[in-house]
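Single-structure report; data block below.
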Amino acid sequence: MSGNEHDDGFMARRIAARRSVNEIDSNMRRDESERAAFFNAVYERAHGDPAFVPWADLEPKPQLVDYLKANPGKGRRAIDIACGLGDNAEALADAGYATSAFDLAHDAIDWAKKRFPDTKVDYRVAN
1091 MSGNEHDDGF MARRIAARRS VNEIDSNMRR DESERAAFFN AVYERAHGDP AFVPWADLEP
1151 KPQLVDYLKA NPGKGRRAID IACGLGDNAE ALADAGYATS AFDLAHDAID WAKKRFPDTK
1211 VDYRVAN
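Numbering (my numbering), first residue to last: 1091 to 1217.
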């Protein structure tokens, strides 16, 4: 399971998600606990639908893909900070990097592990 599927209503839900995130964000300050609460609220409100996570593209960033084509990771290590749903971390691992990934949102880490059940990535909740 790659978890990279977009259905026909994905973009409409994505637009609604941005409004919802703006509601959450307008009430947040920026200390550490509030940042964690913000990101956890976004993932919780998504109820398993990645369209409701505005930054979740369900694929690795194109710049990373290009970099990995030219820089295979055999024998090398990588870390993905704020890994979200895991697409960049999985691309790193698929390119041969021993990969660790973390996010401060426990729901993001749980979701990444469900999307990629046979992962080689060491996912962790951390800040």
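All C-beta atoms in this analysis are idealised placements derived from N, C-alpha and C, irrespective of residue type, glycine included.
Counted within 10 angstroms of its Cβ, other Cβ atoms place residue i as buried (16 or more) or exposed
i	result
A1171	The displayed chain sequence assigns Ile, not Ala, to residue 1171. Exposed, by the Cβ-count rule.
E1124	exposed
W1221	The structure shown does not extend to residue 1221, since the chain is modelled only from 1091 to 1217, so the question has no answer here.
P1162	exposed
G1138	exposed
P1150	buried
A1160	exposed
Nonlocal neighbours in the same chain, by C-beta distance under 8 Å from residue i, ignoring five residues either side
i	result
E1134	D1197
R1214	S1190, A1191, F1192 and I1199
Distance between beta carbons of residue j and residue i, contact taken as under 8 Å
i	j	result
D1177	D1147	7 Å
P1144	R1104	6 Å
Of the residues the options, the one placed nearest residue i, counting alpha carbons only
i	options	result
A1168	L1154, E1180 and T1189	T1189
D1208	N1217, L1194, R1166 and E1180	E1180
A1127	F1100, M1101, A1195 and A1107	A1195
D1098	N1130, A1141, R1108 and A1160	A1141
F1100	G1174, C1173, A1160 and A1136	A1136
R1175	L1158, V1211, A1102 and S1110	Per the sequence shown, the amino acid found at residue 1175 is Leu instead of Arg. Of the listed residues, the one whose Cα sits closest to L1175 is V1211.
Residues of its chain near residue i, where Cβ-Cβ distance is below 7 Å and the 5 sequence neighbours each way are ignored
i	result
L1154	N1178 and A1181
Y1187	G1163, R1166, R1167 and A1168
Contact set for residue i: own chain, Cβ-Cβ below 6 Å, skip 5 residues either direction
i	result
C1173	A1179, A1191 and D1193
A1216	F1192
Ranges of the alpha helix (DSSP H) found wholly within the segment 1123-1208, counting only runs of at least 4: 1152-1160, 1177-1184 and 1196-1205
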